[in-house]
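Count along the sequence shown starting at 1, add 1, and that's the number in our numbering. Heads up, the beta-carbon is just placed ideally off N, CA and C, and yes, glycines get one too. Below is one structure; the comments refer to it alone.
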Amino acid sequence: MAARRRPVQQRSLERYERLLDNCANLLDEVGSGALTTKEVAQRAQVPIGTLYQFFSGKESLLAALAERNLDRFLDRLARRLDAESPQGVAGFVDLAVEEFVAMKRAVPGFCHVDFGLVEQLPEGVEDDLHLLDADLDNNAAVALRLQTLAGGLFDTPGFPVALRVAMECADAVLKLAFRNDPDGDPALIAETKRLLRCYLADHLPG
């Protein structure tokens with residue numbers, strides 16, 4: 002579920018971003034269950050009516066935050082790929098996991114909403130599986146964006162399905178890694194990389 006209206010004018014864009022920033026900060030304070038649009042608007046010092054110009058409700062607000070997180074993740078990953086020119090799928094996987102982990106550790110609200118809801122479905126959210134795309138579940142949408150970023154690296158018959166499975170595996174293990182450790186269990190993070198390298202390499206020719 003995308004935002005109701007994406008702002009174009011600078012002043013409106015600043016309010017829009019301020020709402021998302023305060024939403025992220027409040028997630029760290031109260032979690033997604035207790036989060037309300039009223040509190041987000043108050044924290045952002047924005048009239049509640051203005052919030053509803055941009056977002057239809059709590060689900061739309063969280064969806065916009067997830068979309069912004071994905072955009073920033075892909076931008077960070079693209080810059081690292083350009084700077085380091087990693088070799089093959091293994092190099093791509095390592096950088097992708099590292100950037101995700103870095104955001105998990107440092108980005109406000111990311112432990113509650115990364116590219117979807119990390120926690121159980123909270124009040125005010127009816128569909129947490131399609132926050133990024135109405136037709137694709139969250140992990141499928143992320144896999145598609147990663148495939149686009151990787152270009153010809155993943156241009157192999159059957160690879161989109163393999164990447165989709167890899168996303169589900171990574172999501173599950175990384176959730177486990179951060180369940181009891183705010184910095185992530187290093188052993189589980191390393192195992193995530195190894196799992197993805199081995200699984201995806203098995204789906205490449207040769």
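With respect to residue 98, residue 33 sits apart: the two C-beta atoms are not nearer than 8 Å. Per DSSP, the unbroken alpha helix (DSSP H) holding residue 74 starts and ends at 59-85. Within the same chain, Cβ atoms closer than 7 Å to the Cβ of residue 155 are found at 148, 164, the five residues on either side in sequence being excluded. No Cβ-Cβ contact shorter than 8 Å links residue 181 with residue 110.
The three-state reading of DSSP puts residue 118 in strand, counting E and B together. A straight-line Cα-Cα distance of about 23 Å links residue 87 and residue 70. The C-alpha of residue 7 is placed about 9 Å away from the C-alpha of residue 56.
Here residue 28 is not near residue 21, since their CB atoms are 8 Å or more apart. Cβ-Cβ distances below 6 Å link residue 129 to 118, 122 in the same chain, with the five nearest sequence neighbours on each side left out; the list follows chain order. Burial of residue 68 is indicated by the presence of at least 16 other C-beta atoms within 10 angstroms of its C-beta.
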